[in-house]
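Heads up: the sequence shown begins at 115 in my numbering, then just goes up one per residue. Before any comments, here is the structure.
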Amino acid sequence: CLASRNAFAEAEPLLLEGEADLANDRNARELALEARDRLVRLYEAWGIAAEAAGTYEEADAAFAAAHRRVLGDPVAVARLLRRRGLLRERSGNYSVALRWLTRGMHALGRDSATNAQHAAADAAERAHLVLAYAGVRYRQGRYQFCIANCHAALALPHLSASDEAHARYLLC
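In structure tokens, the structure reads:
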């Protein structure tokens, strides 16, 4: 995790400086958004590495930083909120974890995306959120809620094989 933190420390000023330099370019808006997206991916990668290393506070700070920089992508917002919720679950704070996961569902909204590419990403993230919610309910000992969420996940269109296996595992 130290290596990822060092790589991040070196890359962040360059990305931020690049965003400022691009302000004078005639394509500044597109290039600045691209730089922002790279920064979001960098923060998220840092959070994933910190989570794997077991430094949950550092992971949460990285996910929060990525979340602050996401613009106009409800799937990315939902993914980051799910990651923050799962951090709370790992620390045993189940009620707070459920609140983060609920926020992720609200970020996706009630309707699926209309664009085919976005619809697939939306459906996949929705499945991840529903299964994460089921997992938290399972760990709380709220098995009826877990079962209901697993059945809801299995009813989602375009459920991946790994998500289906996860839902069926929780139903056992």
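A virtual CB, placed ideally from N, CA and C, is assigned to each residue, including glycine.
Separation of residue j from residue i, as counted between CA atoms
i	j	result
Tyr157	Asp277	25 angstroms
Arg155	Ala262	33 angstroms
Asp187	Leu147	12 angstroms
Ala241	Arg282	13 angstroms
Arg197	Ala235	16 angstroms
Glu239	Glu171	23 angstroms
Ala163	Phe177	11 angstroms
Ala279	Arg182	33 angstroms
Beta-carbon gap between residue i and residue j smaller than 9 angstroms
i	j	result
Glu165	Ala175	no
Glu247	Thr216	Before going on, a small fix: residue 247 reads as Tyr here, not Glu. Yes, Cβ-Cβ distance for Tyr247 and Thr216 is below 9 angstroms.
His272	Ala237	yes
His232	Val189	yes
Cys264	Leu243	no
Glu203	Ala192	no
Leu153	Ala180	yes
Ala275	Leu245	no
Inter-residue CB distance, residue i and residue j (contact presumed, cutoff 8 angstroms)
i	j	result
Leu195	Gly218	4 angstroms
* Asked: Can you list the alpha helix (DSSP H) stretches of 4 or more residues lying completely in the stretch 226–263, in chain order?
  -> 230–254
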